[in-house]
Structure formats: structure tokens, C-alpha cells
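Per my numbering, the very first residue in the sequence shown carries number 25; after that it's consecutive.
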Amino acid sequence: MFDSPPVLHNTLSLPFPYNQQTFCRYEPIEKKIEHAKVLIVNDLLRYESDLSELAKEEWGAEVPKHLRLENMLSQMACDNIAKNVQRLVKQPKSLTVHLSEISQAASTFKPDAIVLSGTLSDFDHYNTEFLESFAKFIRKTKIPVLGICGGHQLVAYSFGSELKTLDGLEPGKKRIGRVAEFQYRYVKITDVSDPIFEGMGDPNSGVWQEYSIEGHLLRVWQNHGLQAMGIPDGFRHLAKSYLCHNQMMVKRSEKQLIYTVQFHLEKSFEDWSKNPTRWEHPNESRDGRILFENFLQLALEHKTK
25 MFDSPPVLHN TLSLPFPYNQ QTFCRYEPIE KKIEHAKVLI VNDLLRYESD LSELAKEEWG
85 AEVPKHLRLE NMLSQMACDN IAKNVQRLVK QPKSLTVHLS EISQAASTFK PDAIVLSGTL
145 SDFDHYNTEF LESFAKFIRK TKIPVLGICG GHQLVAYSFG SELKTLDGLE PGKKRIGRVA
205 EFQYRYVKIT DVSDPIFEGM GDPNSGVWQE YSIEGHLLRV WQNHGLQAMG IPDGFRHLAK
265 SYLCHNQMMV KRSEKQLIYT VQFHLEKSFE DWSKNPTRWE HPNESRDGRI LFENFLQLAL
325 EHKTK
């Protein structure tokens, strides 16, 4: 004789997994954007010439090993961004360039939007010319920009923010063994009125994230051990987490539109494609996908102003 399953009381109002709902409804993804030209920027290191003298000194004989890892991760990161563009836009066009090439590429490619990839190494390991050139570009560009993880930190750094570990240390004081935010985590929205959150809490979606906008929460992939301290002048704070105050911000002044996120919203279609069938898709990255789509739409609107 089988035991009866346990009865769970007062759980229906709680979010997954506490409500014991082990499934979500399938949500088809439709391409709503007609066309978009997106410049994808690889923010990782490629060659020894990309390194600062400090990096060469600290890495020593392991420089080739570090660069192999940087190049492998840059391929994954930029491919994920490109995949988002391809799956959300009917007539997509994208170009991937390195951080050191952003100014020239923006001038010749004339994109509707720029998306900055994540990073791996600390910025004091970068050739300072790259950082100075990027800072000059990002402070003046009128092209809409989305910075992701290390790209978020790079924008904040370029506008004067300090970067520290999640426990408040200078990056050089703790290169390894850092406190980190990793895997899917909840992020608290601090300004739900921003248009980037449009459609996030659609009550008719039927997926388990429908509670999130009511609680002003995002469920997003995290993988970082550094954070931007404070909100730079001209930016508005949009989201925070327990360990990292600056999870998301926006600049809407001086004819600029710059959104940056500490989390990895670009994993949306990586997760989608890993499932054996679309019906088993868990919608893990739904929030990230909607943010990415909203950014592209806002970028196109910005261009017409």
C-alpha cells in the first residue's frame, strides 16, 4: 500500500520552487522587431599586446594559458549576444569587434545599438590605451548602449566609479577566492517605472515568473566577483541585490541612452537551446530575454528622436 502524498498548505501564493510547481507553461517567442543593426563588442583580452605590464608581471609564464581562456570565453559571450539578436529580430544584422576597435567600428558600421560583452580579468590587467579610448568614446556616443556584467563595470569605471570586490576590497588585494554571486539569483528592481521593464509582469503570460514584477524582482543569471561602487553622475539606479547594490542603471541625459546590467541577460537563448525539446523549456531566462528585447526596441525609438 502506498503512502498518500503530503498535503502542502498555504503554498499557492508563493513563487517557484516554494509552491512545489515543477513545471511552467510553454511560452512561444515571436519576433516583434523588424530590423536592427547591432555592434557587439568583445571586452575580453586577445593577445599579449592587450595586456598591461602588471598583467605580464603577475601572470608570467602563464600568459598563454590566460589568453586561451579569455579567447574561449569571448567566443561564447559574443555568440550568446548574437543569438539573442538573431532570435528577436526579423532582419538582424550584427558585427562583432574588439573593445579596442569600438570607435572606428561605430563610425563605419553605424549601428542602431551597441552591446558590450562581459569580461574575465580585472581592468588593471588591460592595456591602459584601450580603457582610455573606450572612456572617451562612451562619454560622448549618442548610439544606445547595453553593457553586460564586465561591460556594466567598464561603463561605470569610465564615468568615474570605483570597482571593488563584493566584500569591499581593492581588486588587486584579492585576485582569487573572491566572494561571488553565481547562478540564477533574484534582483530587486528599484525603479519599476522604467520602460526597460515593460511586459515583465504580464499577468496573462501563465509562466511562473508572473509574480516577479509585483514583488519588483528579476530572476537572472549572475557570475561576478566585482562590483561598481555607487551610481555615476548622470545615471539612475534601476536594480540591486543583497551583495551588489549596483545591479542595473541607466543614463538618459545629454542625448545618450546607456543601460548597463551586472547580470547576464544574454543567456536567454543559450538556456532555451539546451533543453531536449521546446516543451521542456523552463523559462529560466525569460526576464533576461524581455530586458534584451526591450532594450533593442528602446534603442530604435531613441534613434528617431
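Cβ atoms here follow ideal geometry from the backbone N, Cα and C, with glycine treated the same way. From a predicted model like this one, the values you see are computed outputs, not experimental measurements.
C-beta atoms of residue i and residue j nearer than 8 Å
i      : j      : result
Val87  : Glu72  : yes
Ala129 : Leu63  : yes
Asn247 : Phe293 : no
Pro168 : Ala323 : yes
Tyr266 : Val274 : no
Gly175 : Leu119 : no
Phe183 : Ile126 : no
Tyr208 : Arg163 : no
Cutoff 6 Å; reference residue i; Cβ partners in own chain excluding five residues on either side
i      : result
Val216 : His240
Val113 : Ile57 and Ala60
Lys329 : none
Lys117 : Lys61
Environment of residue i [buried if 16+ CB atoms lie within 10 Å]
i      : result
Pro52  : exposed
Glu94  : buried
Tyr346 : The displayed coordinates of the chain run from 25 to 329. Any statement about residue 346 would go beyond what the structure contains.
Gln99  : exposed
Thr143 : buried
Ala137 : buried
Gly230 : Interpretation of Gly230 is limited by its pLDDT of 46, a score under 50 that renders its predicted location unreliable; the figure taken from the coordinates is listed afterwards. So Gly230 ends up on the exposed side.
Ser131 : exposed
Glu54  : exposed
Other residues of its chain near residue i: CB distance less than 7 Å, five sequence neighbours each side excluded
i      : result
Leu123 : Val65, Asn66, Asp67, Phe154 and Phe158
Glu186 : Met253
Thr189 : Pro195, Lys198, Arg202, Val203, Gly249 and Leu250
Ile105 : Ile64, Val139, Ser141 and Glu290
Nearest candidate by alpha-carbon position, reference residue i, set the options
i      : options                           : result
Asn270 : Val211, Asn247 and Arg313         : Val211
Gly258 : Leu250, Gln280 and Leu242         : Gln280
Leu250 : Ile282, Leu324, Gly196 and Ser309 : Gly196
Ile255 : Arg243, Ala180 and Glu222         : Ala180
Arg276 : Gln115, Phe319, Ser145 and Asn247 : Phe319
Asn108 : Cys268, Gly312 and Leu97          : Gly312
Glu82  : Ser141, Ser145, Glu290 and Arg163 : Ser145
Thr214 : Asp136, Lys134, Met272 and Arg70  : Met272
Cys173 : Ala85, Glu156 and Trp245          : Trp245
Glu325 : Pro219, Phe147, Gln110 and Asp74  : Pro219
Gln177 : Arg310, Met96, Thr165 and His288  : His288
Gly223 : Phe147, Arg310 and Ile200         : Arg310
Per-residue DSSP class, three states only, for residue i
i      : result
Ile220 : helix
Asn66  : strand
Phe154 : helix
Val231 : With a pLDDT of only 49 at Val231, under 50, the local geometry of the prediction cannot be trusted, and no value is derived from it.
Glu317 : helix
Thr132 : helix
Gln115 : strand
Cβ shell of residue i (< 8 Å), same chain only, five flanking positions each side left out
i      : result
Thr152 : Ser76
Residue i CB to nearest heavy atom of the ligand SAM below 7 Å
i     : result
Ser76 : The ligand SAM is not part of this structure, which contains no ligands at all.
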